[in-house]
Structure formats: C-alpha cells, structure tokens
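Protein chains in written order, with this note's numbering: chain A, 3 to 272; chain B, 10 to 140.
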C-alpha cells in the first residue's frame with residue numbers, strides 16, 4: 003500500500019527538485035537548439051534540412067527510454083499492485099507517446115524534403131506507427147473497465163507486451179528492406195559514420211530531450227488521474243474530497259475501488 | 010455520465026484497435042518486402058496490373074529529362090531496368106544515388122513510375138569538408 007500523505011517538507015523537496023530539472027531542461031534545450039542551428043555543419047548530401055536530425059533522433063531515443071520505464075513500472079505494478087508504479091507507468095507512457103509523435107512528425111517533414119514523400123509503407127515507419135498506437139492504446143484501455151484497478155492491470159499488460167515492439171522498430175532497418183536509413187550512431191560501425199561536430203550536437207540534443215522528458219514525466223506523475231466529469235462538464239471536486247483509501251487490485255472490491263483509483267489527488271500516492 | 014464516458018472510451022479503443030489491424034494488414038503486406046531489386050523484377054516479371062516498388066542505384070549518365078518526364082536506369086550491379094518517370098523527381102535525386110520508384114513494369118520491360126523516392130545512406134559529413 004502507498005504511504006500516507008507526504009509531509010510538507012517532502013512536498014517542498016519535490017518542488018525544488020522539479021524546479022532544478024526545469025532549469026536544467028531549459029538550459030540544455032537552449033544549448034542544443036543553438037548547437038543544432040549555429041554550430042553543427044550542414045550535411046554534404048542533404049544540406050541544412052539534415053538539422054532536423056537533432057530533434058528527430060533524440061525524440062525517438064527518448065521514446066524508447068520512456069517505454070522502457072513503462073515496461074519496468076508495469077512489471078512492478080503487476081507483481082506488487084502498488085498504485086505508485088501504475089502512476090509512473092502512465093506518466094512515462096504519456097511522455098513516450100508524445101516523443102514518438104514528435105519523431106514521426108519531424109521524420110515526415112525530413113522525409114518530404116530528402117526522400118520526396120511525407121510517408122511510405124516502410125517497415126521502420128510502419129513499426130513506429132504501431133508503437134504509437136499500442137502505447138496510446140495502453141493509455142486508453144485503462145479507462146475501459148469500470149474498475150480502475152482492472153484498467154490499470156490492462157494498461158500494465160499492454161505497456162509490458164508493447165515493449166516487444168521497441169527492438170522491432172530499432173532493427174526494422176536491418177531485418178527488412180527499407181527506405182529509412184540504417185542506424186548511424188546505434189549501428190555496428192565504429193567509429194560511427196558521422197562528422198564529430200554533428201555527433202557532439204546530437205548527443206547534446208539527446209541530453210536535452212531526456213531532461214525535458216524527465217521534467218514532463220515529473221509533471222504528469224504528480225498530476226491527478228482523469229476525473230469523471232459532472233453533468234455540466236465541470237470536473238467533480240478532487241482536492242475538496244476527504245482522503246480515500248488507495249486502490250489495490252487484490253484488496254479492493256470493484257465498487258469503492260472506482261473512486262479510490264480515480265479520485266486520489268496529487269499528493270495522495272507519493 | 011460515467012456510462013457515456015465509458016462508451017466514448019470504448020469507441021476510442023475500438024478505433025485504435027482497428028487502426029492497428031489496418032496497419033498490419035495494409036502495411037505489412039508491402040512493408041516486409043518494401044522493394045524489389047532489378048534482378049528480382051526482371052526475373053519475376055510482375056504483370057502490368059501489379060504495382061511494385063523497385064530500388065537500385067541510378068546509373069551515372071543515364072538521366073534524361075524531357076518535359077514532364079524523366080527517364081533513367083537503375084541497377085543492382087547485376088541487371089538494369091529503364092525507368093520512365095512521370096513528374097519531377099525530388100531535389101536529392103541524382104546519378105550514383107539510390108532511388109526507390111513505384112509503378113508498373115510495362116510488357117516492353119520499361120518500368121513506368123509515378124513516384125520517385127531518394128534513399129540516402131547513414132553517413133553524415135560536413136558540407137565542403139573532405140572526409
């Protein structure tokens with residue numbers, strides 16, 4: 003079971019940590035943007051449009067990381083039933099879906115510029131679209147059962163099983179013929195076939211993307227779960243409610259668990 | 010209200026499932042063998058009714074542009090197919106580079122294409138710098 007509500011000092015610590023991560027994320031993102039636009043050289047073949055790499059690749063790698071976090075927390079939730087793991091898995095899934103969407107959209111623009119098409123039924127693109135749908139599905143499936151604990155279990159199962167797609171996405175360019183290029187940095191060639199300044203810029207942008215993603219994760223993990231809306235569309239009170247017991251899949255019957263799972267406020271599960 | 014919300018979410022989930030199904034059935038068929046090589050296309054001779062993708066290196070010196078058409082040859086190092094492309098290829102298209110074309114193989118052995126895609130390598134070098 004989750005511990006009782008955190009003390010205000012823990013709250014303050016969490017806020018300070020989130021603020022520190024915000025500053026770090028902002029600084030790294032600014033430095034990454036400057037490096038991508040001003041420092042990194044234009045590509046010999048593709049020209050300036052290749053700079054989209056500094057957003058496309060970090061977004062894709064950060065999505066892999068986020069889905070790994072979903073899978074790990076999903077396994078922990080299935081084994082232990084502690085709702086904190088479910089909250090973490092959900093927050094990581096949201097971050098991962100957003101990153102995958104960014105990688106797809108930026109990749110489409112890059113593809114239009116260099117390949118000549120926004121989209122094609124290439125194995126890498128197809129597998130990535132599937133990955134996006136599966137993790138969007140993991141976010142949707144939790145809200146289908148009436149009992150939120152069952153929804154959380156379903157989300158955990160999808161989140162764990164869906165991680166099997168990540169290696170498929172990564173190795174799709176090796177296993178099957180594709181229009182998408184094979185890996186430059188995470189490939190077999192050493193040293194990677196990339197200009198050192200480009201590689202340094204890419205690593206900086208990866209650090210920035212991961213930090214921004216961590217900040218987004220901290221925000222989502224501390225935000226309330228979706229709340230059923232009142233007839234007028236206004237959300238029913240969350241913060242005004244007295245503390246409710248936290249749902250545990252095995253310990254709670256279906257009825258009260260619905261309220262417990264949906265209506266716990268931000269501090270209730272930390 | 011909760012019931013309506015649940016119906017909406019069920020519908021959303023159904024749409025996501027349907028999208029996965031569509032991607033698997035519609036996409037996997039073509040995606041697992043994303044393109045064929047000139048040797049494969051010339052050996053299997055797909056009928057003119059079957060749309061295929063063909064990939065190869067654009068033979069240097071083979072590109073001719075006439076009006077709205079671009080004619081060039083692609084090779085896999087063993088065999089070569091002449092491509093008759095309707096429309097302008099993308100800017101990165103060029104001799105010696107890899108291209109994927111979509112269209113049909115005419116009975117006369119010329120590949121009639123309406124889409125050219127440029128395949129780039131995984132190598133990134135600075136513009137105007139050697140190495």
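Yeah, the Cβ is synthetic: ideal placement off N, Cα and C, and Gly gets one too.
Per-residue burial, residue i [other beta carbons within 10 Å of its own, 16 or more giving buried]
i	result
residue 63/A	buried
residue 12/A	exposed
residue 176/A	exposed
residue 88/A	buried
residue 112/A	buried
residue 82/B	buried
residue 117/A	buried
residue 10/A	exposed
residue 139/A	buried
residue 95/B	exposed
residue 116/B	exposed
residue 104/B	exposed
residue 181/A	buried
residue 124/A	buried
Residue i at chain B interface by Cβ criterion, 7 Å
i	result
residue 88/A	no
residue 130/A	no
residue 43/A	yes
residue 64/A	no
residue 184/A	yes
residue 19/A	no
CB contact below 7 Å: residue i versus chain A
i	result
residue 47/B	no
residue 109/B	yes
residue 32/B	yes
residue 127/B	yes
residue 57/B	no
Beta-carbon neighbours of residue i, restricted to chain B and to distances below 8 Å
i	result
residue 288/A	Lying outside 3 to 272, the shown extent of chain A, residue 288/A is not represented and no answer is given.
residue 53/A	Near residue 53/A there are no residues of chain B at all, since even the closest Cβ is about 11 Å away, more than 8 Å.
residue 135/A	25, 28, 29 and 32
residue 143/A	22
Residue i: contacting residues in chain B (beta-carbon distance under 9 Å)
i	result
residue 195/A	130, 131, 132, 133 and 134
residue 178/A	40, 41, 42 and 43
residue 12/A	Per Cβ cutoff of 9 Å: no residues; residue 12/A is ~33 Å from chain B at best.
Closer than 8 Å at the beta carbon, the chain C residues around residue i
i	result
residue 146/A	The displayed structure is made up of protein chains A and B, and chain C is not among them.
Contacts of residue i in chain A (Cβ-Cβ under 8 Å)
i	result
residue 98/B	118
Closer than 9 Å at the beta carbon, the chain A residues around residue i
i	result
residue 51/B	None at all; the shortest Cβ gap to chain A is about 17 Å.
Reference residue i, options the options, closest by Cα
i	options	result
residue 133/B	104/A, 214/A and 48/A	48/A
residue 98/A	10/A, 60/A, 114/A and 190/A	60/A
residue 115/A	127/B, 121/B and 122/B	127/B
residue 135/B	151/A, 195/A, 158/A and 173/A	195/A
residue 179/A	41/B, 63/B, 32/B and 19/B	41/B
residue 151/A	30/A, 72/A, 216/A and 83/A	83/A
residue 76/B	47/B, 114/B, 97/B and 25/B	97/B
residue 137/A	22/A, 34/A and 72/A	72/A
residue 35/A	170/A, 167/A and 210/A	210/A
residue 135/A	20/B, 13/B and 25/B	25/B
Contact list for residue i against chain B, beta-carbon separation under 7 Å
i	result
residue 202/A	Result: empty, since nearest Cβ-Cβ is about 12 Å, beyond 7 Å.
residue 181/A	43, 109, 126 and 128
residue 46/A	134, 135 and 136
residue 166/A	The contacting residues do not exist; residue 166/A stays about 14 Å from chain B at best.
residue 189/A	131
Practice prompt. Would you mind listing the beta strand (DSSP E) stretches within the segment 35-79 of chain B that are 3+ residues and don't spill past its ends, in chain order?
Written response: 61-67 and 73-75
Item to complete: Within the segment 173-213 of chain A, note down every full beta strand (DSSP E) run reaching 3 residues or more, in order along the chain.
Response: Segments of the beta strand (DSSP E) lying fully in the segment 173-213 of chain A: there are none.
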